[in-house]
Every structure is written in C-alpha cells, then in structure tokens.
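Trainee:
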Amino acid sequence: MPTILAIESSCDDTSASVCRDGAILSNFIANQTVHEQYGGVVPELASRAHMQNIVPVVDVALQQAGMALTDIDAIGFTQAPGLIGSLLVGAQFAKSLAIALDKPLIAVHHMQAHVLANLIEEPRPQFPFLCLTVSGGHTQIVLAKAPNDLSVIGETIDDAAGEAFDKSAKIMGLPYPGGPLIDKYAATGDPKKYKFAEPQMEGYNFSFSGLKTSVLYFLQKEQKANPVFVKENLEDLCASIQHTIINILMKKLQKAAEETGIKTVCIAGGVSANSGLRSALKQTGEALGWNVHIPAFAYCTDNAAMIAITAYHKYLVGDFSDLSVSATARAEWS
Ligand code: KG4
Ligand code: ZN
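Heads up: the sequence shown begins at 0 in numbering that gives the first Met the number 0, then just goes up one per residue.
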C-alpha cells in the first residue's frame, strides 16, 4: 500500500497530491493570478510564486489526505517538460524531502502524466488506448499499451491547440486565456460561416500556426472595410475558429483509431474542457463504436494527482530516480 506525495510545478499552477495504493486522497492546486495582467505566463513571476506556494500547498494536500510526512513512502515530482524556473522549485523541494525522509524519489514526465490521468477514476480505460492530449503547450496523440508503455505517434510541429485558441482570441482582442471565451461565444455562432486554413500534415502530426495567420489576415482585411467587424461577428468568428481546430484534431484522431484498430479513445489537457471538442468526441465515438473516456476536468488541467498516479505506477515497477536527477525544460519521451 504505497503512499505517495506528488508535486507539480511545471508552469503556473503549484499543486500537491497524496495517493495511497493508486487512490487519490487529495489534489490541491494554487493558481497564480499574477499573470493575468500580462496576457500570458511570465516565467520569472511563476517561479517566484511557486517558491511562496509550495510549502503551504504541500501542507494542505497532506492535511486533506489525513496524512503526515512520516506516512509517505515515496515522493513524485514533475521533472519535465515545462518552464525551467518553475520545474526547479518543485524538483528541489521533492529532492530535499526525499533526503530528509530517506524515501525514494520518482521523476515524472508531465505529458505522460496527462495521459495517465485517465487512470485516476472509474471506469478506467482498458489498454491499449489512444489519448489525445491537448493543452496550452502541447498537442499529441499517444498510444498507451500499458502504464509504463506510452508512445507519441503524432504531435504538433508548431503551435499547440490551446495556443491556436489563445492566439486567435488575442487577435480578436479577447483577454488571455482566450480558449474558454471562444468556447462561450461559439455556442451561439455559426461554425460554417467563415473558412480558415486547415493544413495537410503527414501521418498523425498537427500544425496550427497557419490557422492563426489565416485568422489574422482575414480580420485585417475585413476590419479595413468595417472597424467593428469583430464585435459584430464575434459569435460566428469564434464558432468558425473552434470548428476548424476541432476538425484538425478529430481528423487525425480518427485516422489513428482506424489505422491502429484501437477503439478506446481518451482525452487529456486543458483544451478537453472545450464543449465543441467534447461533443465531437462523443458523436464520432458513437458513430464509430469508440469507447470514449473523458476525465473529470480537475484531472485534465495541470494537477498533481496525475503526477501521483504516474509515480504510483513507476513505484510498482521500481522505477526510481537517483538524487542527481535534474529538472529539464524539454525531455525525450522515455
Ligand atoms: O492543460 P492546461 O490547463 O495548461 C497547459 O497548457 O499545460 O491548458 C490550458 C489551455 C489554454 O490554452 C486554454 O485556453 C485552454 O487550455 N482551454 C480551452 C478551454 N478551457 C481551457 N480551450 C478551449 N475551450 C475551452 N473551454
Ligand atoms: Zn499540462
């Protein structure tokens, strides 16, 4: 019955979670609001806020789980990828705890953890499954054969899906992060009103930078003729942009499901909150006989519970790290 304390600090959320024998007992997250005024995450401010938050966040996670530090059998932490200053705070804290408690340390790859977030709650997907991970920093299709056997079979070559939402929103003058706002306005818009660039990519890879440029040029042209074009057509613009992003994602996911013959399809990352993407997944899933798995939203955005569940599976196979392990901004998928 291992009890694992896990820490996530890869970007702008400081989070800690306690997991006992694969069951999540707590998952506490401190969001950083300091970035809102800058229209995006400011790395230096993020690491400073992690420094302030980490001790109280770990305390709350332990309290909510009804555990003390002496109950912990191993410490998991996000090693990569992410903002290096942010990662270092969590990594150094985890290492210090491992030394102080004389317990094993487990380094976790943030993107693998997003995929394994699907294992947190019942009903758990059966292996093998495909996972579409869509966040502000990443867009991947992962083939999961077992908890410790995950491979990326497709990914974005430029912007992530979340960035495509956020950058398009910014062009329209919406505040950061614009993804949830596009979702909101899209609900009452016409998704077929405007056509934006959909790239033709090899295999299961994605590209979203062309979409942003296509939105920018289109709006520059329209606003020359009508300076309030965006305001007058916001719902239709949001619906059309969202429709394009979902189309790009769903086409590749469908291709991967067809070609691998895998019918269990999961989703992960903050963009999975998008209502259009959720309904596209459900509809396509029903039409093609997929078993669709969408985790609770708290486990889709950055959270330490996904680090804890991944650390738990690593613990089971004795995949520990030595104390020389270092946080890295980018890391190969191993
Ligand atoms: O996974 P996440 O919380 O953070 C990382 O990027 O790691 O994802 C954040 C991204 C942002 O780009 C945000 O705009 C997007 O998820 N997002 C959405 C929605 N909710 C969050 N995008 C579209 N529709 C939403 N409802
Ligand atoms: Zn993430």
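Think of the CB as a built atom: it goes at the ideal place given N, C-alpha and C, for glycine as much as any other residue.
All values reported here derive from a predicted model rather than from experimental measurement.
(1) Comparing C-alpha positions only, which one of Ile71, Leu236, Ala186, Val107 sits nearest to Leu24?
(2) Does the ligand KG4 have a heavy atom nearer than 7 Å to the CB of Phe126?
(3) Where Phe76 and Lys230 are concerned, what is the direct C-alpha to C-alpha distance, given to the nearest angstrom?
(4) Could you compute how far the alpha carbon of Gly38 sits from the alpha carbon of Thr138?
(5) Assuming Tyr203 and Ile152 form a contact by the criterion Cβ under 8 Å, report the distance between their Cβ atoms to the nearest whole angstrom.
(6) For the candidate residues Ala168, Gly65, His49, Gln63, whose alpha-carbon lies nearest to that of Ala90?
(7) If you measure from each CB to the nearest heavy atom of the ligand ZN and keep those under 5 Å, what residues do you get, in chain order?
(8) How should Pro80 be labelled, buried or exposed, when 16 other C-beta atoms within 10 angstroms of its C-beta is the threshold for buried?
(9) Is it true that the CB of His109 sits closer than 8 Å to the CB of Ser208?
(10) Measure the CB-CB distance between Gly268 and Cys299 and report whether it falls below 8 Å.
(11) Give me, in chain order, the residues of the same chain whose beta-carbon lies closer than 8 Å to that of Asn338; leave out the 5 immediate sequence neighbours on both sides.
(12) Comparing C-alpha positions only, which one of Pro294, Ile293, Ala279 sits nearest to Leu287?
(13) Measure the C-alpha to C-alpha separation of Lys313 and Phe319 and round it to an integer number of angstroms.
(14) For Val56, count neighbouring Cβ atoms within 10 angstroms of its own Cβ and tell me buried if that reaches 16, exposed if not.
(15) Can you name the residues that DSSP bridges to Ala22?
(16) Would you grab the beta carbon distance between Leu149 and Ile140 for me? Rounded to a whole angstrom, and I think it's under 8 Å.
(17) Just to confirm, does Gly38 get its C-beta within under 7 Å of one of the non-hydrogen atoms of the ligand KG4?
(18) Specify, as a first and last residue, the run of the alpha helix (DSSP H) that Ile181 falls within.
(19) Beta-carbon within less than 8 Å of Lys169's beta-carbon, same chain only, minus the 5 sequence neighbours each way: which residues are those?
(20) Could you pull out every residue in the same chain whose Cβ sits closer than 6 Å to the Cβ of Leu44, ignoring the five residues on either side in sequence?
(21) Exposed or buried, Thr212, counting other C-beta atoms within 10 Å across all chains shown (16 or more means buried)?
(22) Can you find the residues in the same chain that come closer than 6 Å, C-beta to C-beta, to Ala272, ignoring five residues on each side of it along the sequence?
(23) What did DSSP end up calling Lys262 once you bin it into helix, strand or coil?
(24) Quick one: give me the first and last residue of the beta strand (DSSP E) that Gly89 is part of.
(25) Let me check understanding here. Comparing Cα to Cα, which of Glu121, His113, Ala328, Phe217 lies closest to Ser239?
(26) Expressed to the nearest angstrom, what Euclidean distance is found between the alpha-carbon atoms of Lys262 and Lys251?
(27) Less than 8 Å between the C-beta atoms of Val214 and Ser167, yes or no?
(28) Closer than 6 Å by C-beta to Asp392: which residues in its own chain qualify, once you throw out the five before and the five after it? Chain order, please.
(29) Output the boundary residues of the beta strand (DSSP E) element that contains Val141.
(30) Could you check what DSSP says for Glu154 in three-state terms: helix, strand or coil?
(31) Based on the DSSP output, what are the partners of Val107 in its beta bridges?
(32) Checking 8 Å against the spacing of the C-beta atoms, do Ile244 and Ala163 come in under that value?
(33) If we ignore side chains and look at the alpha-carbon of each, how far apart do Val227 and Glu221 end up?
(34) Out of Leu4, Ile74, Ser85, Gly65, point me to the one whose CA is closest to Gln31's CA.
(35) Please classify Gly136: is it buried, with 16 or more other beta-carbons within 10 angstroms of its beta-carbon, or exposed?
(36) DSSP has Thr13 in a bridge; who is on the other side?
Mentor: Quick answer:
(1) Residue mapping note: residue 24 aligns to position 25 of the sequence shown, counting from 1. For the residues Ile71, Leu236, Ala186, Val107, the minimum Cα distance to Leu24 belongs to Ile71.
(2) In the sequence shown, counting from the first residue as 1, residue 126 sits at position 127. No, since every heavy atom of the ligand KG4 falls outside the 7 Å radius drawn around the Cβ of Phe126.
(3) Residue numbering aside, residue 76 sits at position 77 when the sequence shown is read from its first letter. Residue numbering aside, residue 230 sits at position 231 when the sequence shown is read from its first letter. Phe76 and Lys230: Cα-Cα distance of roughly 44 Å.
(4) Position 39 of the sequence shown, counting from 1, holds the residue named residue 38. Position 139 of the sequence shown, counting from 1, holds the residue named residue 138. Computed Cα separation, rounded: 21 Å.
(5) Numbered from its first residue, the sequence shown carries residue 203 at position 204. Numbered from its first residue, the sequence shown carries residue 152 at position 153. Correct: roughly 5 Å between the Cβ atoms.
(6) Position 91 of the sequence shown holds residue 90. That would be His49, whose Cα lies nearest to the Cα of Ala90.
(7) Ser134, Asp301
(8) Numbered from 1 along the sequence shown, position 81 holds the residue referred to as residue 80. When all chains shown are included, Pro80 counts as buried.
(9) The residue labelled residue 208 in the question sits at position 209 within the sequence shown. The residue labelled residue 109 in the question sits at position 110 within the sequence shown. In this structure, His109 does not lie closer than 8 Å to Ser208 by Cβ.
(10) Position 269 of the sequence shown, counted from the start, is the residue given in the question as residue 268. Position 300 of the sequence shown, counted from the start, is the residue given in the question as residue 299. Going by C-beta atoms, Gly268 is nearer than 8 Å to Cys299.
(11) Residue numbering for the chain in the displayed model covers 0 to 333; residue 338 lies beyond these limits and cannot be assessed.
(12) Here residue 287 corresponds to residue number 288 of the sequence shown, with the count starting at 1. Of the candidates Pro294, Ile293, Ala279, the one whose C-alpha sits nearest the C-alpha of Leu287 is Ala279.
(13) Here residue 313 corresponds to residue number 314 of the sequence shown, with the count starting at 1. Here residue 319 corresponds to residue number 320 of the sequence shown, with the count starting at 1. Using only the alpha carbons, I get a separation of about 7 Å.
(14) Position 57 of the sequence shown, counting from 1, holds the residue named residue 56. The Cβ neighbour count for Val56, taken over all protein chains shown within 10 Å, is at least 16; the residue is labelled buried.
(15) As a working note, residue 22 is residue 23 in the sequence shown. Paired residues: Arg19.
(16) Here residue 149 refers to the residue found at position 150 when the sequence shown is read from its first residue. Here residue 140 refers to the residue found at position 141 when the sequence shown is read from its first residue. At roughly 11 Å, the Cβ-Cβ gap does not stay under 8 Å, so Leu149 and Ile140 are not in contact.
(17) Along the sequence shown, read from residue 1 onward, the residue named residue 38 stands at position 39. No, the Cβ of Gly38 stays beyond 7 Å of every heavy atom of the ligand KG4.
(18) Residue mapping note: residue 181 aligns to position 182 of the sequence shown, counting from 1. Where Ile181 is concerned, the enclosing alpha helix (DSSP H) stretches over 178-185.
(19) What you label residue 169 is simply residue 170 of the sequence shown in a count that begins at 1. Excluding sequence neighbours, Lys169 sits near Gly38, Tyr175, Gly177.
(20) Stepping through the sequence shown from its first residue, residue 44 is reached at position 45. These residues qualify, in order along the chain: Val33.
(21) Counted from its first residue, the sequence shown places residue 212 at position 213. By the neighbour-count rule (16 or more Cβ atoms within 10 Å), Thr212 is not buried but exposed.
(22) Here residue 272 refers to the residue found at position 273 of the sequence shown. Within the same chain, Ala272 has close Cβ partners Phe296.
(23) For the purposes of this step, residue 262 is taken as residue 263 along the sequence shown, with counting starting at 1. It is coil, neither helix nor strand.
(24) Within the sequence shown, residue 89 is the residue found at index 90, counting from 1. DSSP places Gly89 in no beta strand (DSSP E) but in the uninterrupted alpha helix (DSSP H) bounded by 83-100.
(25) Numbered from its first residue, the sequence shown carries residue 239 at position 240. The shortest C-alpha to C-alpha distance from Ser239 to any of Glu121, His113, Ala328, Phe217 is the one to Phe217.
(26) Your numbering for residue 262 matches position 263 in the sequence shown. Your numbering for residue 251 matches position 252 in the sequence shown. Using only the alpha carbons, I get a separation of about 14 Å.
(27) On the sequence shown, residue 214 is found 215 positions in, with the first residue counted as 1. On the sequence shown, residue 167 is found 168 positions in, with the first residue counted as 1. Yes. Within cutoff.
(28) Outside the displayed range of the chain (0 to 333) lies residue 392, so it cannot be described from this structure.
(29) Mapped onto the sequence shown, residue 141 falls at position 142. First-last of the beta strand (DSSP E) with Val141: 138-145.
(30) Stepping through the sequence shown from its first residue, residue 154 is reached at position 155. Strand.
(31) Residue 107 sits at position 108 when you count from the first residue of the sequence shown. Looking at the DSSP assignment, Val107 forms a beta bridge with Thr77.
(32) Position 245 of the sequence shown holds residue 244. Position 164 of the sequence shown holds residue 163. Taking 8 Å as the Cβ cut-off, Ile244 and Ala163 qualify as a contacting pair.
(33) On the sequence shown, residue 227 is found 228 positions in, with the first residue counted as 1. On the sequence shown, residue 221 is found 222 positions in, with the first residue counted as 1. Looking at the two C-alpha atoms, the distance is approximately 9 Å.
(34) Numbered from 1 along the sequence shown, position 32 holds the residue referred to as residue 31. It is Ser85 whose Cα lies nearest to the Cα of Gln31.
(35) Along the sequence shown, one-based indexing puts residue 136 at 137. Gly136 comes out buried.
(36) On the sequence shown, residue 13 is found 14 positions in, with the first residue counted as 1. Bridge partners of Thr13: Ala29.
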